[in-house]
Structures are given as structure tokens and as C-alpha cells.
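First the structure, in the form of C-alpha cells, and then the observations on it.
4 protein chains.
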Amino acid sequence: MTLTREVPILPLQAALLFIDVQNFGADRKGAEFAGLSESELEQKYGWYFDRLENHVVPKMQRLQAASRAAGVEVMYTTIESLTLDGRDRSLDYKITGFNVPKGSWDGKVINAIAPVGDEILLPKSSSSVFVSTHIDYILRNLGVRQLIISGLITDQCVESAIRDACDLGYLVTQVTDACLTYSQERHDNSLRAIKGYCRQVTTDQLVAELQDVAAGV
Amino acid sequence: MTLTREVPILPLQAALLFIDVQNFGADRKGAEFAGLSESELEQKYGWYFDRLENHVVPKMQRLQAASRAAGVEVMYTTIESLTLDGRDRSLDYKITGFNVPKGSWDGKVINAIAPVGDEILLPKSSSSVFVSTHIDYILRNLGVRQLIISGLITDQCVESAIRDACDLGYLVTQVTDACLTYSQERHDNSLRAIKGYCRQVTTDQLVAELQDVAAGV
Amino acid sequence: MTLTREVPILPLQAALLFIDVQNFGADRKGAEFAGLSESELEQKYGWYFDRLENHVVPKMQRLQAASRAAGVEVMYTTIESLTLDGRDRSLDYKITGFNVPKGSWDGKVINAIAPVGDEILLPKSSSSVFVSTHIDYILRNLGVRQLIISGLITDQCVESAIRDACDLGYLVTQVTDACLTYSQERHDNSLRAIKGYCRQVTTDQLVAELQDVAAGV
Amino acid sequence: MTLTREVPILPLQAALLFIDVQNFGADRKGAEFAGLSESELEQKYGWYFDRLENHVVPKMQRLQAASRAAGVEVMYTTIESLTLDGRDRSLDYKITGFNVPKGSWDGKVINAIAPVGDEILLPKSSSSVFVSTHIDYILRNLGVRQLIISGLITDQCVESAIRDACDLGYLVTQVTDACLTYSQERHDNSLRAIKGYCRQVTTDQLVAELQDVAAGV
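Those protein sequences? They're chains A, B, C and D, same order as listed.
Going by the UniProt record's numbering, the first sequence opens with residue 1, and the numbers climb by one from there.
Going by the UniProt record's numbering, the second sequence opens with residue 1, and the numbers climb by one from there.
Going by the UniProt record's numbering, the third sequence opens with residue 1, and the numbers climb by one from there.
Going by the UniProt record's numbering, the fourth sequence opens with residue 1, and the numbers climb by one from there.
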């Protein structure tokens with residue numbers, strides 16, 4: 001029995017999950033920002049897009065490449081309804097007003113880290129991917145016990161996924177600088193709140209770890 | 001509190017679910033019958049295809065039309081992996097050898113009752129739709145409390161769905177002659193085994209009931 | 001990856017689950033038979049109690065002893081509400097009229113196979129133990145992958161448990177003569193219906209298998 | 001369809017859930033604080049126990065009394081294993097070292113708000129009560145749609161419960177001053193992080209609301 005969370009990744013029993021890195025909320029033209037003028041966008045989300053475009057997405061790309069090279073399953077979840085009108089969404093998303101219609105541009109993973117080949121994509125309509133998809137069932141079928149988490153936004157969908165994954169017995173590795181939310185303070189608070197539920201490493205650390213594994217070190 | 005299963009359908013809180021009525025097992029060219037010569041197919045599945053094509057599918061069509069007319073949500077589940085290689089399937093499907101690759105012709109609902117518009121389709125990789133999809137979550141979001149069941153095959157995926165739906169608090173109506181399995185005896189045994197878990201009606205009865213509702217009777 | 005269901009029990013990853021072997025339905029004084037005169041009980045349930053008392057319970061005892069000796073986790077589920085008035089039961093049990101109040105004699109496992117020491121007991125209020133308990137979560141925490149099933153009644157709670165367990169990736173072994181329902185025909189029909197979901201063995205076979213394991217054969 | 005979270009409590013479809021208000025972590029002699037000298041306890045947990053004993057528990061008592069008077073279902077979850085040795089616990093709790101043995105004093109709700117009569121108590125072995133109990137199933141059977149949350153500790157088990165409940169379609173009301181964690185800063189950060197998932201009110205506000213309801217205002 002593993003009695004620590006500080007366990008290095010074993011690729012054959014690991015998956016990398018990108019959370020909500022999709023046009024809706026990761027592209028300046030995404031529906032989440034609809035109706036904002038350019039100056040409003042800059043004022044409200046300037047810090048966010050600067051971090052995202054110049055720091056976080058490049059780290060996600062490195063993480064994705066290293067995971068693929070090491071044979072780690074790469075998976076994606078995105079906010080997307082199963083319908084056009086969104087009637088299948090959670091009450092919470094209906095109240096919030098979120099609806100990413102099935103098949104829409106907003107529901108696509110951003111090009112920079114787009115899925116390739118036979119990688120698995122799970123549309124969801126709630127904050128935690130464990131509530132509105134059957135990811136737990138899929139991970140079991142894949143033989144996955146270790147979950148690497150990267151995505152948006154740190155203190156909402158990312159944090160909910162980490163909490164539930166931990167409770168369900170997965171060993172979770174959060175790649176802290178490959179997650180982002182709307183302010184540094186919110187990001188830092190979330191990391192502190194959930195540090196007891198996961199292992200927290202940087203992209204540099206995890207990529208090095210995966211490269212060592214791939215090289216048979 | 002409803003204290004009987006003999007409750008007529010209230011369209012606004014009802015859904016019709018077609019189970020596995022897809023090319024894989026409902027078309028003579030489906031992968032389930034691959035490798036069988038025409039005479040082997042006739043010998044082994046002659047009764048099944050005769051019933052299916054001449055009796056059951058026409059009833060499914062009437063059921064679908066009446067449900068749509070009455071404003072009942074029409075949903076579909078099909079056996080289909082989330083991947084081409086089927087690594088996300090249940091251990092059971094791996095043992096059985098079932099793999100309907102993502103996007104394949106085998107995974108499509110047969111043309112006779114194909115989904116239209118914004119109807120919901122849920123790919124699954126286990127016998128019970130409640131285990132390998134998040135249908136329970138979706139039905140809750142839709143406000144569905146009554147589930148009408150039609151599909152294939154009576155004593156496997158259909159029966160498992162009825163058992164789980166009943167346990168989860170849905171009032172289930174099984175349309176007995178719009179379900180089918182590989183022999184009359186197996187069909188009848190299954191109906192008897194689960195008659196305590198659901199209301200069992202014929203297509204004629206349910207279509208009349210839905211027409212009365214739609215007409216405001 | 002295991003690609004057969006015919007896998008012998010590995011005790012460290014196995015559990016024996018007794019389903020509903022409790023006073024309610026396995027004792028002539030159980031509430032399920034309340035209101036029946038002695039002659040009515042004999043007429044309606046004479047075959048059942050004869051089989052149960054003279055054949056099935058003795059087999060359950062052998063199964064329990066062999067499992068304990070081999071180090072297999074022994075678990076029990078019983079129909080029992082979390083309340084006295086049963087308001088937490090499934091709609092199905094409310095309709096059926098089943099209520100085994102919390103803490104009642106009816107909810108106890110029969111003395112012949114009573115739990116000992118630190119064995120786990122899960123009260124349930126639905127047909128499938130996977131719907132109204134968190135057994136899947138517990139089995140995961142225990143490291144259980146193989147589930148041995150014995151109990152009552154073959155074509156209802158036992159069959160539902162086997163179907164769900166199979167879908168969830170457990171390798172299920174049904175001990176056919178340590179399960180019982182109200183007629184031989186119903187029992188046999190259920191065994192045939194689910195033979196694709198599990199390995200089916202007799203008590204003699206499984207006890208021999210467990211003894212070999214315990215002896216290091 | 002409710003399209004706001006600011007919905008007053010309707011007692012017949014509401015439940016009050018107390019989370020982990022048990023001897024283990026809410027009594028100075030609880031196992032969570034084992035091994036600490038009196039001065040260490042004071043230094044590390046002085047603020048916590050002062051808040052708990054002098055402010056939070058009295059508010060919980062008012063909340064409990066008002067809920068009972070209004071006919072709101074009162075429920076409790078506590079950290080408690082199903083076994084003495086805790087082998088059924090989540091991997092997370094095994095790593096953390098938490099084990100509250102079945103039936104132990106540590107697992108009991110503190111006397112100040114002890115359950116009475118037929119109230120429901122759910123032992124759990126994970127952070128979120130939705131992962132290690134079947135509370136979602138029970139709430140459904142009870143007809144509960146609104147969940148009032150109070151308990152310990154704000155940023156762990158309380159926050160996880162609110163996140164999952166929200167995703168599952170419950171309208172959650174967090175009673176902010178009837179929740180507590182180990183510092184004011186952590187408490188405030190958590191409230192901010194989840195304010196989009198629930199309605200947040202004080203004990204005074206909720207008690208007044210419940211009294212109005214009970215009085216038929």
C-alpha cells in the first residue's frame with residue numbers, strides 16, 4: 001500500500017488530464033468574454049491572458065509532449081453540453097448561464113494543445129469532471145491510478161477535480177504552473193487549500209521526471 | 001408520493017430511451033455477425049432478424065413518433081467506445097471481445113429510428129447504461145422521473161438498464177414488444193424476472209396513452 | 001489484462017459477499033412472511049424453506065469457513081433502512097412495501113452465518129447493492145477485484161449485484177448452489193441469463209479451490 | 001426552473017447536514033489532537049477551540065433547533081471507518097493517517113448537537129460526503145433539493161461537500177458562521193472560493209428565515 005502522495009509517475013498507470021483548456025475560456029474571442037470591449041477585456045482579464053499565453057500554455061505544451069513521449073495517456077475535458085440548447089447541463093451551469101453548445105467552436109480544446117490520434121475527450125457540464133462524466137469508470141478501465149492535472153481554472157474546475165480524484169483513491173499530481181485562474185492570489189490560495197490532497201510540482205520538475213522515466217533512468 | 005408503478009406518462013417528466021438499436025447488432029451486416037455465412041446467420045439469427053425487421057423496428061418507429069409528438073424527450077444509447085482501440089471499455093467487454101470503435105458505422109443508430117435535431121445520444125461500453133454513462137446525472141438535469149424503455153437485447157442491456165433505473169427511483173415503463181432478444185423463451189423469461197421493477201405495456205397501449213396525453217384527453 | 005472470466009480466486013484481491021441472508025426473508029418468522037398462516041407459508045414457500053434450510057445455508061456456512069480460512073474478505077449486505085420509518089428507502093421499496101427498520105431483528109444476518117470480528121456489513125434499501133451503498137468505493141479501498149457472490153434471491157438482488165459488479169470491472173464468481181429463489185425454474189432461468197457476466201461454480205468447486213489456495217497448492 | 005441560488009428554504013424539500021462535528025476533531029480530547037501537550041494544543045488550536053466552543057457550536061445548536069422546528073430533515077456525517085482497523089478507508093485517509101474506528105467515541109457527534117430520534121447519520125471515510133457515502137441516493141429518496149451546510153472544517157470536508165452538492169443539482173445554503181477551520185484567513189479564503197457554488201448566509205439570517213417559514217409568514 002502506497003502511504004505517501006510523493007510518488008513519481010509510472011507511465012503505464014498514469015494519465016494527464018487537461019481541464020477546460022478550450023476556446024470558451026482560453027481564447028480572447030471565447031464566449032466567456034462575449035460583450036466585453038477590448039479595453040474591458042484588458043482591464044478585467046489582462047493579467048490572465050498574459051499569464052496564459054506567455055507562460056501557462058507553453059508549459060502545457062511541454063507537459064503534453066513529455067507525457068506522450070513517456071507513454072502517459074493524455075486526456076481532455078471541456079465544458080460542452082450534449083445538446084445545442086444546453087438542457088442537459090447542471091442546475092449550477094444553468095444558473096451561472098454557461099452554455100457551450102454541442103459541437104461549437106467554444107467547446108474545442110485550443111489549437112496549441114489539440115488532441116491527436118486516439119486521445120480521449122470528455123465533454124462535461126459541471127465543475128468537477130467526476131460528477132458530469134464517467135471518467136472514474138474510464139480511468140479504471142485504463143488501469144490508471146495516478147492522475148496528472150493541468151488546466152483552468154485553478155480554484156474552480158481544477159480544484160474540484162483534484163478533491164474528487166483524491167477521495168476516489170487516485171494519486172494526484174497537480175502541475176502548479178500549468179494551472180491558472182484570474183488572479184495570483186486566488187491561484188495561491190487554492191494551491192494552499194488543496195496541498196493535502198495531492199502532490200504539487202512544477203512543469204520543470206514533472207517534465208524532468210517523465211524524461212527520466214522515458215529514458216529508463 | 002407515488003405508491004404504484006402503474007403511472008401514465010407525463011411527457012414533461014418523461015424520456016424514451018432506445019437501447020443499442022444500432023448497426024452493430026441490429027443490421028445483418030453488423031460486426032456482431034461478422035464471419036457468419038448467410039446460412040449460418042439464417043440458422044442462428046433467422047428468428048431474431050425476422051422479428052426485428054418485421055415487428056419490433058416498426059413498433060419502435062411508432063413509439064418514437066408518438067413520443068416526439070407528445071413532447072417526450074427521445075434519447076439513445078449505443079455500444080461505442082470512446083477510442084478506436086477500445087481501451088476505455090469495461091473489462092467485461094474486453095473479455096467478451098466487443099469493440100465498436102468511436103465513430104464507426106457499427107456504432108450508429110439504425111436509419112429507421114435515427115436521432116434528429118437536438119436529441120441526446122450516449123455511447124456506452126458496458127451492459128447497463130447507468131454504469132458507463134452519466135445518464136442518471138442527465139436525466140436529473142432534464143427533470144425526468146419516468147423512463148420508457150425499448151431496445152436490444154431484452155435480457156442483457158435492456159434488463160440491466162431497467163433494474164438500475166428502478167433502483168435509482170425512476171418509474172420505468174418497459175414497452176415489451178419493442179424489446180427483443182435471441183429467442184422468445186429468453187424474452188419471456190426476462191419479462192417475468194423484472195416485472196416487479198417496472199410497468200410493462202405494449203406499443204399499442206403506450207402509443208394510445210401518449211396520443212391521449214398529446215390530445216389533452 | 002485478464003481476458004477470461006474463468007480466473008481462480010486470489011484471496012488477497014477477493015471478497016465473498018453474502019446478499020440478504022437475513023431474518024426478514026430467510027427465517028420463517030421474518031417480516032416478509034408476516035400474516036401467512038402456517039399452511040399458507042408451507043404452500044407458498046415450502047420448497048424455498050426446505051431448500052434454504054437443508055441445502056443452501058449449509059453451503060453458505062462451508063463457503064464462509066473456507067473464505068475465512070483462505071484470507072478472503074467476508075462481507076454482508078442486508079435490506080435495512082437507515083431510519084425506523086424507512087423514508088430513506090428507494091421509491092421501488094416504498095412501492096413494494098418493504099421496510100426493514102434500522103436495528104430491527106429482521107435486518108440481522110441469520111445466526112447460521114453471522115458476521116464475526118471486524119467483518120463489514122452494509123445495509124441497503126434497493127435491489128442492487130451497488131446503487132444504495134458505496135460498496136464499489138469500499139472494494140476499491142480494500143483492493144478487491146474478484147467478487148464471490150452467494151445469497152438471496154437469485155433472480156433479484158443477487159442478479160442485480162452480479163450485473164453491476166461485472167459492468168464495474170469486477171471478476172464475479174457466482175456460487176450457484178449457494179444462491180436461492182422461490183422456484184427451481186426461476187433460479188435456473190436467472191443462472192442462464194447471467195452466465196455471460198460471471199463465472200458460475202458450485203460450493204464444492206469453490207471450497208476446493210479455496211482450500212488449494214490456502215494450502216499453497 | 002430555478003435560475004438563482006438565492007432561494008429561501010422550503011422545509012419539505014430541505015435538509016440540514018452537519019459535517020464532522022464529532023469528538024475526533026471537535027473535542028480537545030479527540031484523537032486528532034492526541035499527543036499534544038496542553039500548551040501545544042493551546043498554541044496550535046487555541047483560536048480554533050475558542051471559536052468553536054464559544055461561537056460556532058452555539059450557532060449550530062440554534063440552527064439545529066430552528067431546523068427541527070421548521071420540519072427540515074437534520075442529518076449528520078462523521079469521519080468513521082466501517083471497520084476497527086480502517087482498511088475500508090480511502091487511500092487518502094490511509095496516507096493522512098486518519099482512522100476513526102467503527103463505534104469509537106471519536107466517531108460520535110459531540111453531545112451539544114447529538115442526533116435524536118430517527119435522524120440520519122452517515123459515517124464516511126473521505127473528504128467529500130458524496131464520495132464515500134450514498135448520500136445523493138438518500139437525498140433523492142427523501143425528496144431533498146436544498147441542502148443547508150454547517151460543520152468542520154470549512155476548507156476541507158465542508159468545501160468538498162458544497163462543491164459536489166452544487167454539481168449534483170442541489171441548491172446549497174452554507175451557514176458561514178456555523179462552519180470553522182483552523183484560521184480566519186483559511187476560512188475567509190474558502191468562503192470566497194466557493195461563493196459561486198452556493199448561497200452564503202449567517203446563522204441569524206437562516207434562523208430568522210426558518211422561523212418565518214415555521215410561522216407561516
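We put the CB at the ideal spot given by N, CA and C, even for glycine.
Grouping DSSP H, G and I as helix and E and B as strand, with all else coil, what is residue i?
i         : result
Met1(C)   : Interpretation of Met1(C) is limited by its pLDDT of 48, a score under 50 that renders its predicted location unreliable; the figure taken from the coordinates is listed afterwards. Of the three classes helix, strand and coil, the one that applies to Met1(C) here is coil, per DSSP.
Phe18(D)  : strand
Ile95(C)  : helix
Ile79(A)  : strand
Val207(D) : helix
Val213(C) : helix
Could you check whether the Cβ of residue i sits closer than 9 Å to any Cβ belonging to chain B?
i              : result
Tyr137(D)      : yes
Leu3(D)        : no
Ile148(C)      : no
Asn54(C)       : no
Val131(A)      : yes
residue 272(C) : As displayed, chain C neither begins before 1 nor continues past 217, which places residue 272(C) out of reach and without an answer.
What does the alpha-carbon distance come out to for the pair residue i and residue j?
i         : j         : result
Arg140(B) : Asp20(A)  : 23 Å
Asp204(A) : Lys102(A) : 35 Å
Phe49(C)  : Leu180(C) : 10 Å
Ser81(B)  : Thr173(A) : 27 Å
Arg199(A) : Arg5(A)   : 6 Å
Ser67(B)  : Ile120(B) : 14 Å
Asp188(D) : Asp106(D) : 28 Å
Tyr45(C)  : Phe130(C) : 28 Å
Arg163(B) : Ile110(A) : 41 Å
Val143(C) : Arg145(A) : The question names Val, yet the displayed sequence has Gly at residue 143(C). Going by the C-alpha atoms only, they are around 12 Å apart.
Pro8(B)   : Gly35(B)  : 44 Å
Met1(B)   : Lys94(C)  : Residue confidence is low: Met1(B) scores 48 on pLDDT, short of 50, so the model does not pin down where it sits. Its coordinate-derived value is still stated next. In a straight line, the C-alpha of Met1(B) is about 9 Å away from that of Lys94(C).
Leu168(C) : Cys157(B) : 14 Å
Lys108(D) : Asn23(D)  : 6 Å
Gly216(C) : Thr176(C) : 25 Å
Phe98(B)  : Arg89(B)  : 9 Å
Glu40(B)  : Ala214(C) : 47 Å
Ser150(B) : Ala178(B) : 5 Å
Looking at chain C, is there any beta carbon in it that lies within less than 9 Å of the beta carbon of residue i?
i         : result
His134(D) : yes
Thr108(B) : Checking the sequence, you will find Lys at residue 108(B) rather than Thr. Judged by the 9 Å Cβ criterion, Lys108(B) is not in contact with chain C.
Lys94(B)  : yes
Asn99(B)  : no
Is the Cβ of residue i closer than 9 Å to any Cβ of chain D?
i         : result
Leu63(C)  : no
Gly196(A) : yes
Phe18(B)  : no
Ser125(C) : yes
Leu10(C)  : no
Val158(C) : no
Ala193(A) : yes
Ser37(A)  : no
Spell out whether any CB of chain A is found under 9 Å from the CB atom of residue i.
i         : result
Val207(B) : no
Asn141(B) : yes
Lys44(B)  : no
Ser67(D)  : no
Lys59(B)  : no
* Enumerate, from N- to C-terminal direction, the unbroken alpha helix (DSSP H) stretches of 4 or more residues contained entirely within the region 36 to 76 of chain C. => The region 36 to 76 of chain C contains these whole alpha helix (DSSP H) runs: 38 to 51, 57 to 70.
* **Ranges of the alpha helix (DSSP H) found wholly within the region 117 to 198 of chain C, counting only runs of at least 4** => Taking only runs of at least 4 residues, the alpha helix (DSSP H) segments lying wholly in the region 117 to 198 of chain C are 129 to 132, 135 to 142, 159 to 167, 184 to 194.
* To do: Would you list, in chain order, the members of the region 70 to 92 of chain B that have their beta-carbon closer than 9 Å to a beta-carbon of chain A?
  => The region 70 to 92 of chain B vs chain A, Cβ under 9 Å: Glu73, Leu82, Thr83, Leu84, Asp85, Arg87, Asp88, Arg89, Ser90, Leu91.
* Residues in the region 162 to 177 of chain B having any Cβ partner in chain C nearer than 7 Å -> Contact annotation: in the region 162 to 177 of chain B, residues whose CB is within less than 7 Å of a CB in chain C are Arg163, Asp164, Cys166, Asp167, Leu168, Gly169.
* Asked: Mind listing which residues of the region 110 to 122 of chain D have their C-beta closer than 9 Å to chain C's C-betas, in chain order?
  -> Gly117, Asp118, Glu119, Ile120, Leu121, Leu122
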